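Undergrad:
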Amino acid sequence: MLGLASFITHAMIEKCIFSSFIYLNVSLFLCASTGSDVVYISESTHIMCLCFATDSQNYVPSDSILESFTKLHKDRQIVIATGTRQTSGPRLAVLQVLTCPYPAVQLEPYSAFAGYVVYACQSLYLVLMSLLFRAIRRSLSRQPLRDTNYAPHRCNHIPRLYLPLMYFRQESSSANKPPPSVPRPSSSVLLLSPANEVLLLHRVHTSSSFASAHVFPGGNLDPYHDGAIPDEGSPERHQDGLAYRIGAIRETFEETGILLARKNNELVNLDVKDRDAARKMIHGNQVKFLEWLESVGAEPDLDGLIPFTRWVTPATNNKRFTTQMYLYMLPQSRSDMPSEMLIPTPDNGIEHTAALFAPAQSFLSRASTNSIILFPPQYFLLKLVTKIITSSSEGTGPQHISEQREQLLSFLKQVPTTETEKGKQHKTSMIPWADKVMSPHNLFIRKQDKRIVLGLDKPGPELRDSERGGDWERVVLVNFGKGGPTNVEVRGREEVLEEERQSKSQEERL
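In terms of UniProt numbering, the sequence shown has 413 at position 413, counting the first letter as 1, and numbering is strictly consecutive.
(1) To the nearest angstrom, report how far apart serine 234 and leucine 463 are at their CA atoms.
(2) Serine 505 by DSSP, collapsed to three states: which one?
(3) Can you tell which of Pro300, Leu259, Glu421, Gly284 has its C-alpha closest to the C-alpha of valine 272?
(4) For threonine 323, is the classification buried or exposed, using 16 other Cβ atoms within 10 angstroms of its Cβ as the cut-off for buried?
(5) Would you list the residues sitting across from glutamine 414 in a DSSP beta bridge?
(6) Are the beta-carbon atoms belonging to phenylalanine 308 and leucine 412 less than 8 Å from one another?
(7) CB-CB under 8 Å to leucine 2, same chain, minus the five flanking residues each way: which ones, in chain order?
(8) Once DSSP output is grouped into helix, strand and coil, what is the label at isoleucine 452?
(9) Thinking C-alpha only, which one of Thr486, Trp433, Leu497, Gln502 is nearest arginine 310?
(10) Could you tell me which whole beta strand (DSSP E) segments of length 3 or greater appear in the segment 268-317?
(11) Once the 5 residues before and after alanine 367 are set aside, which same chain residues still bring their CB inside 7 Å of it?
(12) If I measure Cβ to Cβ from histidine 441 and keep anything under 7 Å in the same chain, skipping five residues before and after, which residues do I get?
(13) Is the separation between the beta-carbon of arginine 250 and that of histidine 225 shorter than 8 Å?
(14) Bridge partners of serine 186, per DSSP?
(15) On a Cα-Cα basis, can you pick out the residue from Trp472, Ser193, Val198, Arg203 that is closest to leucine 364?
(16) Thinking C-alpha only, which one of Leu477, Ser371, Gln414 is nearest proline 377?
(17) Among Ala243, Ala248, Ala195, which one has its Cα closest to the Cα of phenylalanine 216?
(18) Would you mind stating whether isoleucine 431 and glutamine 332 have Cβ atoms separated by less than 8 Å?
(19) Just verifying my parser: in three-state terms, what is the DSSP assignment at glutamate 266?
(20) To the nearest angstrom, how far is the alpha carbon of threonine 369 from that of threonine 316?
(21) Can you tell me which of the three DSSP states histidine 426 falls into?
(22) Look at the Cβ atom of arginine 279, then the Cβ atom of phenylalanine 253, and state whether they are nearer than 8 Å.
(23) Once you ignore the five residues that flank valine 287 on each side, which residues in its own chain have a CB closer than 6 Å to its CB?
(24) Where does isoleucine 445 sit, in a helix, a strand or coil, going by DSSP?
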């Protein structure tokens with residue numbers, strides 16, 4: 001009996017939620033026609049803002065309510081705003097919506113009997129509103145709403161939906177929420193072969209991070225090998241420095257066997273047996289990396305590492321990194337390096353299975369067909385490299401390779417880094433690629449292919465108040481699933497936004 005009652009109640013809840021979307025459309029339609037002015041709500045974005053306000057406690061919806069919203073409106077991303085209802089003056093939740101121009105429904109919990117009474121009355125009211133909405137649409141000949149990407153609709157209220165308290169759960173205030181996890185310092189190297197090919201490592205599916213993906217050599221810094229690491233609150237923690245450079249060279253050696261160290265002005269060329277023994281000892285902390293280098297008469301080639309962006313994992317991720325990327329160009333004279341090699345890693349192949357030198361464009365082509373997995377940072381950097389390094393065929397001569405390298409070095413230093421007029425107006429255009437810091441953040445979900453559009457202009461919460469930033473002009477389109485990112489693409493922000501506006505306008509006309 002209780003199961004039947006629960007089923008009926010949940011079905012009614014879903015019906016009420018569905019009706020609330022109709023009510024929301026009525027409000028937006030009337031506001032677009034009358035131009036009323038209090039609260040701004042935009043219908044052109046693919047986000048639904050759920051607002052919660054109670055007398056003394058903050059609540060968020062139960063999983064069943066969120067599932068209902070997701071099922072009934074699959075093309076919208078749910079954004080939650082919470083706050084305590086004030087006895088006088090405007091509601092805090094409403095004020096939050098003022099700065100959050102998304103379609104909104106304000107949900108308020110009611111206890112037991114009162115909740116069901118209000119809920120029943122509201123359901124009847126929303127049915128009447130849906131009939132009114134249809135009548136208005138017929139009378140105005142399906143007049144489309146105005147485009148609101150830059151001029152949001154104006155609405156004098158937010159539709160309010162009352163639900164029984166049992167469909168909510170209590171949440172601690174934002175002040176008590178744990179802060180984002182601290183990003184771990186790491187470094188990585190985009191390594192160019194003597195023929196200007198790029199080295200990528202293939203991780204196994206059981207890898208601790210970036211499972212099954214193709215990645216650049218690199219890893220976390222280790223004070224035992226790399227020296228002092230800047231403190232968590234220090235600005236130097238997110239800047240190129242000695243520890244980052246030593247860590248990049250050490251990790252590259254451990255993972256690939258390629259030693260970016262010099263002896264008598266040339267890269268060290270070790271015997272394979274000695275090389276692998278050293279990799280095992282360094283990985284197992286049996287000897288410090290710098291002490292081992294000194295024992296073979298070599299020094300790390302710190303000056304050969306060229307900064308090439310920094311990436312900070314979004315605050316929403318549990319496992320976060322602040323990764324300094326470097327570009328390193330192997331000397332053209334080192335032509336005896338094999339194109340492909342198995343990696344006898346010290347951890348018996350737990351992290352990597354193989355390394356491959358190939359043209360950057362070939363990796364991008366394979367990723368476009370989902371033959372390999374490239375995460376957005378790797379895809380983005382390879383895309384930048386292909387702006388300069390366009391070919392690495394057998395007919396490419398040493399002079400052409402040298403010219404491409406010089407152009408790539410100039411590209412990393414030049415400003416502005418943008419091509420469009422609007423991009424040049426953004427402050428990040430004057431930050432060279434060597435100094436850019438990017439923390440991907442969600443802009444919206446594309447309606448036509450459900451891909452997430454990631455912005456790259458922000459440097460992350462740790463650098464929010466600094467003058468640092470990434471790339472405003474370009475965005476990354478990607479689908480995230482259990483198997484990793486797919487359908488990754490780098491495109492211009494303005495082009496993607498214009499496509500979305502046209503798609504929305506066409507849908508409204510239909």
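Every residue, glycine too, gets a C-beta built ideally from N, C-alpha and C. For clarity, every value in this text was computed on a predicted model and none was experimentally measured.
TA: According to the structure shown:
(1) Translated into positions along the sequence shown, residue 234 becomes position 234. Translated into positions along the sequence shown, residue 463 becomes position 463. Looking at the two C-alpha atoms, the distance is approximately 10 Å.
(2) For the purposes of this step, residue 505 is taken as the residue at position 505 of the sequence shown. Looking at serine 505 - three-state DSSP - the assignment turns out to be helix.
(3) Taking the sequence shown and counting its residues from 1, the one referred to as residue 272 is at position 272. Ranking the options by Cα distance to valine 272, first place goes to Leu259.
(4) Numbered from its first residue, the sequence shown carries residue 323 at position 323. So threonine 323 counts as buried.
(5) On the sequence shown, position 414 is the one that residue 414 refers to. Note: glutamine 414 sits in no beta bridge, so no partner.
(6) Position 308 of the sequence shown holds residue 308. Position 412 of the sequence shown holds residue 412. Yes, these two residues count as a Cβ contact at 8 Å.
(7) Residue numbering aside, residue 2 sits at position 2 when the sequence shown is read from its first letter. In this predicted model, leucine 2 has a pLDDT of only 45, less than 50, meaning its place in the structure is not dependable enough to derive any value.
(8) The residue labelled residue 452 in the question sits at position 452 within the sequence shown. Residue state, collapsed to three classes: strand.
(9) Working through the sequence shown from its first residue, we reach residue 310 at position 310. Cα-wise, what sits closest to arginine 310 is Trp433.
(10) 306-312
(11) Counting from 1 along the sequence shown, the entry for residue 367 is found at position 367. Taken in chain order, the residues that qualify are Leu374, Tyr379, Val488.
(12) On the sequence shown, residue 441 is found 441 positions in, with the first residue counted as 1. Excluding positions up to five away in sequence, the list reads Pro314, Leu454, Gly455, Lys458.
(13) In the sequence shown, counting from the first residue as 1, residue 250 sits at position 250. In the sequence shown, counting from the first residue as 1, residue 225 sits at position 225. Against a cut-off of 8 Å, the Cβ pair of histidine 225 and arginine 250 comes out as a contact.
(14) Sequence index remark: in the sequence shown, residue 186 carries index 186 (1-based). In the DSSP output, where bridge partners are listed per residue, serine 186 has Asn220, Thr323.
(15) Your numbering for residue 364 matches position 364 in the sequence shown. Checking every option, the nearest Cα to that of leucine 364 belongs to Val198.
(16) Position 377 of the sequence shown, counting from 1, holds the residue named residue 377. Closest option to proline 377, Cα to Cα, is Leu477.
(17) Reading the sequence shown from its first residue, position 216 is the one you call residue 216. Considering only alpha carbons, the answer is Ala248.
(18) Here residue 431 refers to the residue found at position 431 when the sequence shown is read from its first residue. Here residue 332 refers to the residue found at position 332 when the sequence shown is read from its first residue. Cβ distance not < 8 Å, so isoleucine 431 and glutamine 332 don't count as in contact.
(19) Within the sequence shown, residue 266 is the residue found at index 266, counting from 1. DSSP places glutamate 266 in strand when its eight states are reduced to three.
(20) The sequence position of residue 369 within the sequence shown is 369, counting from 1. The sequence position of residue 316 within the sequence shown is 316, counting from 1. Answer to the nearest angstrom: the Cα atoms are 28 Å apart.
(21) The residue given as residue 426 occupies position 426 in the sequence shown. Coil at histidine 426, not helix or strand.
(22) Start at 1 with the first residue of the sequence shown, and residue 279 comes out as number 279. Start at 1 with the first residue of the sequence shown, and residue 253 comes out as number 253. Yes; because the gap between Cβ atoms is below 8 Å, this pair is in contact.
(23) Position 287 of the sequence shown holds residue 287. Here the set comprises Met281.
(24) As a working note, residue 445 is residue 445 in the sequence shown. The answer is strand: DSSP assigns isoleucine 445 an E or B state.
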